[in-house]
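Below is one structure; the comments refer to it alone.
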Amino acid sequence: MKEQLEQIKAQSMQELESATDLQGLDEIRIKYLGKKGALTSVLRGMGALPPEERPQAGALANQARAAIEAAIEQKDAQLSGQARKAQLAGETLDVTMPGRRHKAGKLHPLTQVLDDVKDIFIGMGFSIAQGPDVELDYYNFEALNIPKNHPARDTQDTFYIDENVVLRTQTSPVQVRVMEKQKPPIRIIAPGMVYRSDAVDATHSPVFHQIEGLVVDKGITMGDLKGTLEVFAHALYGADVKVRFRPHHFPFTEPSAEMDVSCFVCGGEGCRVCKGEGWIEILGAGMVHPKVLAGCGIDPEVYSGFAFGLGLERVTMRRYDIDDLRLFFENDVRFLKQF
Ligand code: PHE
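Throughout the sequence shown, residue numbering follows the working numbering, covering 833 to 1171 in sequence.
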């Protein structure tokens, strides 16, 4: 029996020595100290010993158990410590590691120029007005002195929803909507999308943006139109830019004009951007036609006004020397990140 105990002790110590993890340690504990373990079965055999040998054998067995338990406990502490260290090492955070940089988004070039244009006019006391994209034929044409069968309708390539409803071809209908609701003095700009049934190419798109302007009050003259638009051109393109007005025709203004600015690339010499002309057309304008005022319930004998409309894509293309309109709508980041 003594030999058996010695052997169990020696064998368990050896196995403990080579245990490498807590699970292996637990297996050893069960193998030797468990209910069906080696030591337990030796203790069970004690009953077969003669009574005078039992105390000594019992003491030996207890010694062996205590020795194995102590060894297991020691190994347990050692392995737990190692496991904890490994866990901590695995969870280490390097707080000095540089962070990941996120690319900052930017406003679309059309939005940037629109914001500039809005700022300039708000600075001159204008407010912002809006109207619907899906518009009645009445506002887009009739109320602007463009009756059915008027030749001006042909040049606008209108998308018709039905006989009386169109996608607006210009922002000018907002003039009428504002004048119907608001009595003078009126000073508004109305930016928005407009639609024309054009095939897509470098200078045409079925959807583009206009910014409409309208001023109505007592005693408004062509001088106010010229002065306001000159201030605008200088604010947008710089104080050196020269401005000129050419006679033109729009059914809803009389007289009508187009405004050119001296080419801000060549300064008027003639270059690729101004196509050798030295001037670039940026907007249409005129004094609001008396018929249009009267149609909105504003007495043309008392009030007068001027209006203008400019193409946002055109103004932006000229500002940044962009030669293809399609770039605005493709949203290729290689293009967009340049602005
Ligand atoms: N609506 C005109 C166009 O689209 C521009 C314009 C607006 C002209 C206001 C005069 C006054 O061409």
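Here a beta-carbon is modelled for each residue, glycine too, at the ideal position from N, C-alpha and C.
Looking at the secondary structure, which residues open and close the beta strand (DSSP E) in which arginine 998 lies? The question names arginine, yet the displayed sequence has valine at residue 998. Per DSSP, valine 998 belongs to the beta strand (DSSP E) from 997-999.
Alpha-carbon spacing of valine 1039 relative to isoleucine 1112, whole angstroms:
22 Å
Next on the checklist: ligand 1 and threonine 1085: does the residue's C-beta get closer than 6 Å to at least one heavy atom of that ligand?
Outcome noted: yes
Expected contact under 8 Å - CB spacing of tyrosine 971 and valine 1008 to nearest Å:
Taking 8 Å as the upper bound for CB-CB distance, tyrosine 971 and valine 1008 are in contact here, some 5 Å apart.
* **8 Å CB neighbourhood of glutamate 1109 in its chain, flanking five on each side removed** => Cys1095, Gly1102
For leucine 968, which residues does DSSP report across the bridge? Val997
In the DSSP output, which residue or residues are listed as bridge partners for isoleucine 1043? Answer is Pro1023, Leu1142, bridged to isoleucine 1043.
- Task: Throw me the rounded Cβ distance for the glycine 1143 and glutamate 1044 pair, which I believe falls under 8 Å.
- Result: Glycine 1143 to glutamate 1044, Cβ: 11 Å. No contact.
For leucine 960, three-class secondary structure by DSSP | Reading off the sequence shown, one finds isoleucine at residue 960, where the question assumed leucine. Three-state result, isoleucine 960: strand.
Checklist entry - In the DSSP assignment, what are the bridge partners of histidine 1080? => result Ser1088
Quiz prompt | Alpha-carbon to alpha-carbon, alanine 899 and glutamine 910 | solution = 17 Å
On the CB-based measure, 16 or more other CB atoms within 10 Å of its CB, does tyrosine 1152 come out buried or exposed?
exposed
| query | Below 8 Å, can you find three or more Cβ-Cβ pairs linking the segment 937-953 to the segment 1122-1139? | reply | no
Q: Kindly examine ligand 1 and report whether one of its heavy atoms sits closer than 6 Å to the Cβ of alanine 1067.
A: no
Discussion item. Please list the terminal residues of the continuous beta strand (DSSP E) segment that includes methionine 1119.
Written reply: Unbroken beta strand (DSSP E) run through methionine 1119: 1111-1120.
For proline 1023, is the classification buried or exposed, using 16 other Cβ atoms within 10 angstroms of its Cβ as the cut-off for buried?
With 16 or more other CB atoms across the displayed protein chains lying within 10 angstroms of its CB, proline 1023 is buried.
May I ask you to report which of helix, strand or coil DSSP gives aspartate 1049? strand
Compare the beta carbon distance of serine 1088 and glycine 1127 with 7 Å and say whether it is the shorter of the two.
In this structure, serine 1088 keeps its C-beta atom at 7 Å or more from the C-beta atom of glycine 1127.
Please identify the residue among Leu875, Ser912, Val1097, Gly877 whose C-alpha is closest to the C-alpha of glycine 1070. Minimum Cα distance to glycine 1070 is reached at Val1097.
Original post:
Between Ala936, Val1047, Gly1055, Asp1072, which lies nearest to lysine 1169 when the distance is taken from Cα to Cα?
Top reply: Ala936
| query | Name the DSSP bridge partner or partners of tyrosine 992? | reply | Val998
Taking 6 Å as the cut-off, is the CB of glycine 1100 close to at least one heavy atom of ligand 3?
The ligand content of the structure shown is limited to ligand 1, which means ligand 3 is not among them.
Margin query: Looking at ligand 1, does it come within less than 6 Å of alanine 1117, judged from the CB to the closest heavy atom?
Written below: Alanine 1117 has its CB nearer than 6 Å to a heavy atom of ligand 1.
Q) How about the segment 986-998 and the segment 1072-1084: do they share at least three Cβ pairs that are nearer than 8 Å? A) no
Practice prompt. Keeping to the same chain, check which residues put their C-beta closer than 8 Å to that of arginine 1166; ignore five residues upstream and five downstream.
Written response: none
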